[in-house]
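Q: Below you will find the structure I want to go over with you.
In UniProt numbering, the protein residues as written are 1 to 168.
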């Protein structure tokens with residue numbers, strides 16, 4: 001039997017009451033987790049993953065397979081390294097919304113949305129190669145999810161300041 005480790009996540013609705021997120025694996029020395037289920041018309045599971053690149057052949061299909069294996073409905077993705085912005089579909093019918101640099105394979109963020117909830121997507125807004133938002137129709141109110149890929153301390157201060165400016 002496989003054990004799933006859990007990490008405490010503070011609940012926004014009731015301060016101090018812990019929630020847990022199942023650990024689904026390890027990547028590059030870090031722990032990969034999913035968040036708790038959101039209460040909407042139906043339960044959805046949101047995850048996030050720094051994929052390091054999706055430029056190689058078959059990587060998007062591999063990611064779609066992982067998404068199905070872990071039962072994620074929406075997966076926020078960092079470091080795609082794709083140019084420009086747009087959307088594409090996988091062989092399984094999932095949809096990837098992405099935003100990258102215009103002329104360079106650098107940075108890149110996106111959302112991989114499971115085919116079962118594609119009907120709830122109201123829109124996706126690429127802000128920059130490091131920031132993208134997606135809006136979902138939900139009850140009792142709509143949900144906006146932000147995927148961000150922040151620059152590290154090795155980048156120039158101007159790029160770090162620009163990133164935080166675009167978030168406001």
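The C-beta atom is built at its ideal place from N, Cα and C for all residues, glycine as well.
Could you tell me whether the Cβ atoms of residue 61 and residue 91 are closer together than 8 Å?
A: Contact: yes.
Q: Where residue 89 and residue 95 are concerned, what is the direct C-alpha to C-alpha distance, given to the nearest angstrom?
A: Each residue's alpha carbon lies about 4 Å from the other.
Q: Only counting runs of 3 or more residues, tell me where the beta strand (DSSP E) segments fall wholly within the region 39-70, in order along the chain.
A: 46-50, all fully within the region 39-70.
Q: Who are the near neighbours of residue 126 in its chain, counting only those whose CB is closer than 6 Å to its CB and skipping five residues on each side?
A: Contacts found: 85, 99 and 132.
Q: Just to confirm the assignment, what range does the alpha helix (DSSP H) spanning residue 158 have?
A: First-last of the alpha helix (DSSP H) with residue 158: 157-167.
Q: What separation, rounded to the nearest whole angstrom, lies between the Cα atoms of residue 82 and residue 117?
A: So the alpha carbons of these two residues sit roughly 24 Å apart.
Q: Any idea what DSSP makes of residue 123, helix, strand or coil?
A: In the structure shown, residue 123 sits in a strand (DSSP, three-state: E or B).
Q: So which of 51, 120, 159 and 79 has the shortest CA-CA distance to residue 141?
A: Nearest of 51, 120, 159 and 79 to residue 141, Cα basis: 120.
Q: Quick check: the Cα distance between residue 48 and residue 104, rounded to an integer number of angstroms?
A: Distance between the alpha carbons of residue 48 and residue 104: 23 Å.
Q: For residue 136, list the residues DSSP reports as bridge partners.
A: According to DSSP, which records beta bridges pairwise, residue 136 is partnered with 121 and 143.
Q: Let me make sure I understand the geometry here. Which of 57, 93 and 130 has the alpha-carbon closest to that of residue 112?
A: Among 57, 93 and 130, the Cα nearest to that of residue 112 is on 93.
Q: Can you give me the C-alpha to C-alpha distance between residue 58 and residue 64, rounded to a whole angstrom?
A: Going from the Cα of residue 58 to the Cα of residue 64 covers about 10 Å.
Q: Please state whether the Cβ-Cβ distance between residue 79 and residue 53 is less than 8 Å.
A: Yes, the Cβ-Cβ distance between residue 79 and residue 53 is below 8 Å.
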